[in-house]
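Contents: one structure, followed by commentary.
Protein chains: 2
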Amino acid sequence: MARKKDDTGRYAYEGLDRLLHEKARLGILTSLLASREGLRFNELKERCALTDGNLSRHLQVLHEAGLIEIWKGFENRRPQTLCRLSGAGRTRFLAYLDALEQVLRDAARAGAEPRPATVPQGWVPA
Amino acid sequence: MARKKDDTGRYAYEGLDRLLHEKARLGILTSLLASREGLRFNELKERCALTDGNLSRHLQVLHEAGLIEIWKGFENRRPQTLCRLSGAGRTRFLAYLDALEQVLRDAARAGAEPRPATVPQGWVPA
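Heads up: the protein sequence lines correspond to chains E and H, in order. Heads up: the first sequence is residues 52 to 177, going by this note's numbering. Heads up: the second sequence is residues 52 to 177, going by this note's numbering.
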């Protein structure tokens, strides 16, 4: 249990950008990464299992941050909204995914052995 | 851009347990996974680059959820707090990590090609 100086901040995961780390937004961004031509509002809603209100709110956040493009158009005379990753959004999301991979590498290195059942003698549970 | 029925909820990532997904708690849990014998409060604080107050608050949440054990003891006559994953916490965190891996698999499958620059003719940015 000796303290290793080089572990300082090792698990701070600064790269886990909170804007992108939010669970619903992570789903939206991954869907959009997988659909390079973009997705209609209703397609996104269905894939991410979000309500209209929730999806709108998250898209607004992502749009204001410049991570996605939102396009308006008509199909069969019905208004449609198309969302897709912006170039900046793509770059930032890929950087986020690198940070996420680091978490999984750290966890994998921790190994799969169960923890030992002992604590130092005389210690008591809080 | 055809809608595929089997994509419904595909990116909802229900397994991304919000309790564990929170960035600081993700760091705490990964540190603890990597230190099976547990970590002292100050070691955790340093590795996760958290303030005393922040770390205390997150440990309380994790403890109340039964994910970690907190032990109190003395070393060189000074009070110490030892934290470690509980059996349930370990199981739940490993399940969370599986969900996280799914995100990365989905993102990897999306490929690394840049998106095309075109949108349907006549569509306008929001």
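Positions of the beta carbon are idealized from the N, C-alpha and C atoms, including for glycine. Since this is a predicted model, take the numbers as computed values, not measurements.
Could you tell me whether the Cβ atoms of residue i and residue j are closer together than 8 Å?
{"i": "H109 of chain H", "j": "R76 of chain H", "result": "yes"}
{"i": "G78 of chain H", "j": "A63 of chain E", "result": "yes"}
{"i": "L67 of chain E", "j": "L151 of chain E", "result": "yes"}
{"i": "L133 of chain E", "j": "A161 of chain H", "result": "no"}
{"i": "R135 of chain E", "j": "I119 of chain E", "result": "yes"}
{"i": "G117 of chain E", "j": "S137 of chain E", "result": "yes"}
{"i": "L148 of chain H", "j": "L155 of chain E", "result": "yes"}
{"i": "K74 of chain H", "j": "H72 of chain E", "result": "yes"}
{"i": "A177 of chain H", "j": "I121 of chain E", "result": "yes"}
{"i": "R91 of chain H", "j": "Q131 of chain H", "result": "yes"}
Opposite residue i in the DSSP bridges: which residues?
{"i": "E126 of chain H", "result": "H:R129"}
{"i": "I119 of chain H", "result": "H:L136"}
{"i": "V175 of chain E", "result": "H:K123"}
{"i": "R91 of chain H", "result": "H:L133"}
Consult DSSP for residue i and reduce its assignment to one of helix, strand or coil.
{"i": "L84 of chain E", "result": "helix"}
{"i": "L67 of chain E", "result": "coil"}
{"i": "G104 of chain H", "result": "helix"}
{"i": "Y147 of chain H", "result": "helix"}
{"i": "R61 of chain H", "result": "coil"}
{"i": "A161 of chain E", "result": "coil"}
{"i": "T142 of chain H", "result": "helix"}
{"i": "V170 of chain E", "result": "coil"}
{"i": "E73 of chain E", "result": "coil"}
When burial is assigned at 16 or more other CB atoms within 10 Å of the CB, is residue i buried or exposed?
{"i": "T59 of chain H", "result": "exposed"}
{"i": "T81 of chain H", "result": "buried"}
{"i": "L145 of chain H", "result": "exposed"}
{"i": "E88 of chain H", "result": "exposed"}
{"i": "A158 of chain H", "result": "buried"}
{"i": "R98 of chain E", "result": "buried"}
{"i": "E126 of chain H", "result": "exposed"}
{"i": "E65 of chain E", "result": "exposed"}
For chain A, is any of its Cβ atoms less than 8 Å away from the one on residue i?
{"i": "P130 of chain H", "result": "Any reference to chain A falls outside this structure, whose protein chains are E and H."}
Original post:
Residues in the segment 139-151 of chain H with C-beta within 9 Å of chain E's C-beta atoms, listed in sequence order?
Top reply: Within the segment 139-151 of chain H, the residues whose Cβ lies closer than 9 Å to some Cβ of chain E are R141, F144, L145, L148, L151, listed in chain order.
Original post:
Using a Cβ cut-off of 9 Å, which residues of the segment 103-124 of chain H contact any Cβ in chain E, in chain order?
Top reply: Identification of residues in the segment 103-124 of chain H having a C-beta nearer than 9 Å to some C-beta of chain E yields H114, E120, I121, W122, K123, G124, given in sequence order.
**OP:** Return the residues of the segment 54-76 of chain H that lie within a Cβ-Cβ distance of less than 7 Å from chain E, sorted by chain order.
**Re:** Of all residues in the segment 54-76 of chain H, only R54, D58, T59, G60, R61, Y62, A63, Y64, L67, R69, H72, K74 place a beta-carbon less than 7 Å from a beta-carbon of chain E.
Subject >> Chain-ordered residues of the segment 84-102 of chain H with a beta carbon less than 9 Å from chain E >> reply: Within the segment 84-102 of chain H, the residues whose Cβ lies closer than 9 Å to some Cβ of chain E are L84, A85, S86, R87, E88, G89, L90, R91, N93, E94, L95, E97, R98, C99, A100, L101, listed in chain order.
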